[in-house]
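First residue of the sequence shown: 48, per the numbering used here; consecutive thereafter.
Each residue gets a CB set at the ideal place from its N, CA and C atoms; glycine is no exception.
Report on one structure; see the data block that follows.
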Amino acid sequence: MKSQLLKADVSGPVKNNGIMLLLPSPVVKHSTFQATVEMDKEERKIINKGQEDEMEIHGYNLCRWKLAMVFVGVICTGGFLLLLLYWMPEWRVKTTCVRAAVKDCEVVLLRTTDEFKIWFCAKIHFLPLDNQPNLNAKSLVNKVPNGHAVLLTEENRCEMNKYSQNQSQQMRYFTHHSIRYFWNDAIHNFDFLKGLDEGVSCASIYEKHSAGLTKGMHAYRKLLYGVNEIAVKVPSVFKLLIKEVLNPFYIFQLFSVVLWSIDEYYYYALAIVIMSIVSILSSLYSIRKQYVMLHDMVATHSTVRVSVCRVNEEIEEIFSTDLVPGDVMIIPLNGTVMPCDAVLINGTCIVNESMLTGESVPVTKTNLPNPSVDVKGVGEEQYSPDTHKRHTLFCGTTVIQTRFYTGELVKAIVVRTGFSTSKGQLVRSILYPKPTDFKLYRDAYLFLLCLVVVAGIGFIYTIINSILNEKEVKEIIIKSLDIITITVPPALPAAMTAGIVYAQRRLKKVGIFCISPQRINICGQLNLVCFDKTGTLTEDGLDLWGIQRVENTRFLLPEDNVCSEMLVKSQFVACMATCHSLTKIEGVLSGDPLDLKMFEAIGWILEEATEEETALHNRIMPTVVRPSKQLLPESTTAGNQEMELFELPAIYEIGIVRQFPFSSALQRMSVVARTLGDKRMDAYMKGAPEVIASLCKPETVPVDFEKVLEDYTKQGFRVIALAHRKLESKLTWHKVQHISRDAIENNMDFMGLIIMQNKLKQETPAVLEDLHKANIRTVMVTGDNMLTAVSVARDCGMILPQDKVIIAEALPPKDGKVAKINWHYTDSLTQCRESSAIDSEAIPIKLAHDSLEDLQVTRYHFAMNGKSFSVILEHFQDLVPKLMLHGTVFARMAPDQKTQLVEALQNVDYFVGMCGDGANDCGALKRAHGGISLSELEASVASPFTSKTPSISCVPNLIREGRAALMTSFCVFKFMALYSIIQYFSVTLLYSILSNLGDFQFLFIDLAIILVVVFTMSLNPAWKELVAQRPPSGLISGALLFSVLSQIVISVGFQSLGFFWVKQYKVCDPYSDVCNTTRSACWNSSHLYNGTELDSCKIQNYENTTVFFISSFQYLTVAVAFSKGKPFRQPCYKNYFFVIAVIILYVFILFIMLHPVASVDQVLEIMCVPYQWRIYMLIIVLVNAFVSITVEESVDRWGKCCLSWALSCRKKTPKAKYMYLAQELRFDPEWPPKPQTTTEAKAVVKENGSCQIITIA
């Protein structure tokens, strides 16, 4: 259902304030009951249905009494309620508005339908269409099949004028993520206004839109579509500052600082303020820098002057920001950066699309076939920018050259503008990214929630304790709130990002650049990596190995020398010379690498007509190719120069008259050429051998074609077939320019094969071996031939020599027959099939694994092509998970199929990485958990990671750094949890005697110990090699929880031991003083009740000093215990900064504990305790350190074994779907399918709606 242009009736009551079609239609008035029913239906309204950004939509109207209540609440809470409503859009709308029908609402509440369920709100705006310049009756619009606004015909204008005289024209809309959504009465919902990219037939492109727009229609569309720009506004520093400061964490910090200031904790409060300012400024700098970079990237085409054609054939020059869908844009001769998406209707363009595809090779764009003049045109074919990308100029791409007819300009019709363009959608995905769904981050919120619960317990305890000790109300409030600020550590956000920032820097040193740092942690969980083949696993360039021509329907012997006098005038070489998309740019031949290799192999010369030469003729001058003089026989180059004009052999040239560019969907390209002097034209075609053979006369294809092809592909060669035929003499040059490619590409003569060699990159086998050793699955996704892909997979070690390969050949339903899959085993299983019965040993083993965590790739692999993959996705959904578990080779995959494959793998809970060269891999790179582009071009914007060196060695490097960063995050989380609990328990113990830690004690712990430790413990580099063990994916796991809980128990136990022991020690020897100071009234905690001594004695006492020293050593002890190295990080002793920091802190604290320094004691408010008690504290600290490190090492060594044993006893079902499926398949006798069997999908609908799958031997 497409968007319709609608009209509002503001003269009626509020309920009729919705939008109605501009076409005359009766206004239906609803009763109250009907309105209620409609309101219920409104609850289930969905916009962008079936798309990635699908959302529920609910309507609301502002309510005055609710606004008044909220206003009162904001005043009563001191503004906190306002902050809460700012953070929670759902609450903001529901507390200030009442429900209303979506068509009549003032505010819409949106919620995404994905797993994140994120809420947004937007205000309804009105777009007035009356009283606008150039908008009169002629500007009114009518509904057309594509939902686009076009001028009404003359016979409808009078009726429309009559309808529009008494009614104001305005439209209701809201804006979300830079897209406008208009009310559509036809579907009773909001919908975004589409351009000419949907629901428009190729015929209507020429018939209805090629003439251009009138100025009135242009003005009307500009009002609806808005300005054609991808506006990335760089927010002011003030706006960014306010937005950053209103972050919940900083609000909590502000609350903490105010509280500490009231309690006269000035130094610590100042330190937190400084930390927050530094954090905010660094965040502001980073965010603003990203905005500026993105703004600069899209600003290249923001405002340029363009020429457009109007209906009366006049040419008007306008700014590119004024372009609207339907404008006919003239492409200038000297090229331009496209400011919009446009379909070419006249002429040819050579375009650099590296910005979008990552492919730096210039692409030839031809005009959209016109069905009305094509010989075999299909008038009802729908235009689509994806399907017809060879005829579409995309926004942001650079037009290098244009070719045109004299008197006819190169024209393109604008189909999409602004954020609706390809580049606009890419920028939107960067501006509004989907949240990262990772268990670590979900567990982080649970971690904070646990701290809040602990803080709540301390809060209640402090209140009760203070009341029992008859403290003042002010002090009770301050102390009870203070315990909350102690529990939630102020350094937590900075600590969590430190490891990621360090990992990002290390990646940059090895040539891997990252635009999404949060994904580094996710890369530590990757257990499957998809690789593109050409340019990724193999060398980018292809070498010509040889040719094998066909004569008299028989293959000749292979030839390695194409550049010979004998072949120079053969149709085979002529096809190689003409059937390509090469062009000269600034005198240098450029184009597809494969085409370049072929053309260079024959040693011919390509010449293109200059603009002056083209202007002399009444038609476009063709590109001419001819052999170099050295290739022609001697007789052809000798003789009278005047005679050469009349001798055909003297000048041997071929002109390329028409080109049908290569299409990945068709897997072929073709050209129409004419040899100088010939009356009839020739058609040449090249492409995938299977496709070319199917378009040739059967009698011209050798009988052993399939066998020869199979022999080459099994050896890993890339094979291209050539075909030719003479065209009819009635086909003139002019007719050829408008003929469809279907009329040309049939009834051809098969000429032979070109064999290209695609060598493996030197590092490929070693990298794949490393990944296999680490239990990381590897999958090949390529556009190449199936058998070639399988051969390369075997060569590089992706499929081991003893492994079996099962080819799944899926056929769609046809002629009443259901879809089916034929299972073929490759040659490695041929011997088994030759036996009379299939032995059980011949069927590949299923899974070899030591534990559920270490599932390994099985010894059989599935391989399939893109067509089979699509059929299986559509008709065999029950088999998809099983095939994903063992699918290794996916050949002839289109770009969207690569994306679907990544999604299918993710659906069975794989963490999927994707490594490609950027060409046609953008969708899969974006969809994968970790996409790595091997292209440095701007297309890398679509990929989270970009490798500077085009080598797959970046993959293990990224995974190693991801694992190191992930383990660093776990270590930091555990350390910060212990830090919070240790400090929380220290304060709780001291609160019991109405004491507390001093300002400088807090300062020393939080700054000198915690910050230094956190920022240095994150510096551990990644381990030098990948290991089979994978880090846990979340904090809520048995080993991690046991580690944290055991350390909490140890720390709490030793703190309690010291605290209660010192109380007993004071009773036994209350007046011992080795410091020779006067006896203080603070020796005993009972003296704290003397009013005048309270302030001076509440900090300096035995208990405080004991707790301070023990807890300080505990922070360092757990830091060392948690700083794990192998197998994911380098050992902590190689982290020199951490080692030095810990040693200095240990020495310093030990020194001031054993050898008191008066000045230090005075600053830190430490009690000068007897020497004997210092020795006791040292013993407690040493035993504490020994127990903590021993327990942590034991958890590491034995914890996993115990956990595995416990799980095996409980027979717990694996959480990952692929593990659960692997367990099931171990006991499935029907899997894998036996050789030479067929699986059919019968449309027998069961209760659950699935199809019955029957396997037929």
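Buried or exposed by the 16-neighbour rule on C-beta atoms within 10 Å, applied to residue i
i, result
"TRP134", "exposed"
"ARG596", "buried"
"THR1286", "buried"
"GLU746", "exposed"
"ASP1243", "exposed"
"ASN1151", "buried"
"VAL520", "exposed"
"PRO1276", "exposed"
"PRO386", "buried"
"GLU921", "exposed"
"LEU114", "exposed"
"CYS123", "exposed"
Rounded Cβ spacing between residue i and residue j (contact assumed at less than 8 Å)
i, j, result
"VAL576", "CYS962", "6 Å"
"ILE868", "ALA857", "5 Å"
"LEU807", "LEU584", "7 Å"
"LYS1076", "LEU1211", "In the sequence under discussion, the amino acid at residue 1076 is Gln, which differs from the Lys named in the question. Contact doesn't hold; Cβ gap of about 44 Å is too wide."
"ASN1231", "GLN1177", "That pair is no contact at about 27 Å."
"ARG268", "PRO372", "7 Å"
"VAL461", "LEU370", "5 Å"
"ILE649", "MET623", "5 Å"
"ILE378", "CYS356", "Their Cβ separation, rounded to whole angstroms, is 12 Å, which puts ILE378 and CYS356 out of contact at 8 Å."
"ALA770", "PRO736", "In fact, because the Cβ distance is near 10 Å, the residues do not count as touching under 8 Å."
"VAL353", "ILE362", "Not really, about 10 Å apart at Cβ, beyond 8 Å."
"PHE958", "ASN574", "5 Å"
"MET102", "LEU157", "5 Å"
Residue i, DSSP secondary structure in three states
i, result
"LEU293", "coil"
"PHE1198", "helix"
"MET940", "coil"
"LYS164", "coil"
"ASN512", "helix"
"HIS771", "strand"
"GLN1030", "helix"
"VAL766", "strand"
"CYS570", "helix"
"GLU737", "helix"
"VAL121", "helix"
"HIS781", "helix"
"ASN1231", "helix"
Beta-carbon proximity check, residue i vs residue j, cutoff 8 Å
i, j, result
"LEU287", "MET218", "no"
"ASN568", "LEU1013", "yes"
"GLY558", "LYS458", "no"
"GLU276", "THR368", "yes"
"THR1015", "PHE1184", "no"
"VAL1059", "ALA1188", "yes"
"SER303", "ILE319", "yes"
"LYS92", "VAL140", "no"
"LEU742", "ASN793", "yes"
"HIS627", "ASP642", "yes"
"PHE707", "VAL718", "yes"
"PHE237", "ILE104", "yes"
"PHE1022", "VAL1165", "yes"
Query raised in the report: Can you give, in chain order, each stretch of the alpha helix (DSSP H) that sits fully within the region 587 to 655 and has at least 4 residues?
Result: 618 to 625 and 640 to 649, all fully within the region 587 to 655.
Query raised in the report: Where in the region 826 to 858 do unbroken runs of the alpha helix (DSSP H), each at least 4 residues long, occur, reported from the N-terminal end onward?
Result: You should have 833 to 842.
Query raised in the report: Fully enclosed by the region 227 to 273, which alpha helix (DSSP H) runs are 4 residues long or longer?
Result: Correct list: 249 to 254 and 262 to 272.
Requested in this report: Tell me the start and end of each unbroken alpha helix (DSSP H) in the region 781 to 824 that is at least 4 residues and wholly inside, in chain order.
Outcome: Fully enclosed alpha helix (DSSP H) runs of 4 or longer: 788 to 791 and 811 to 820.
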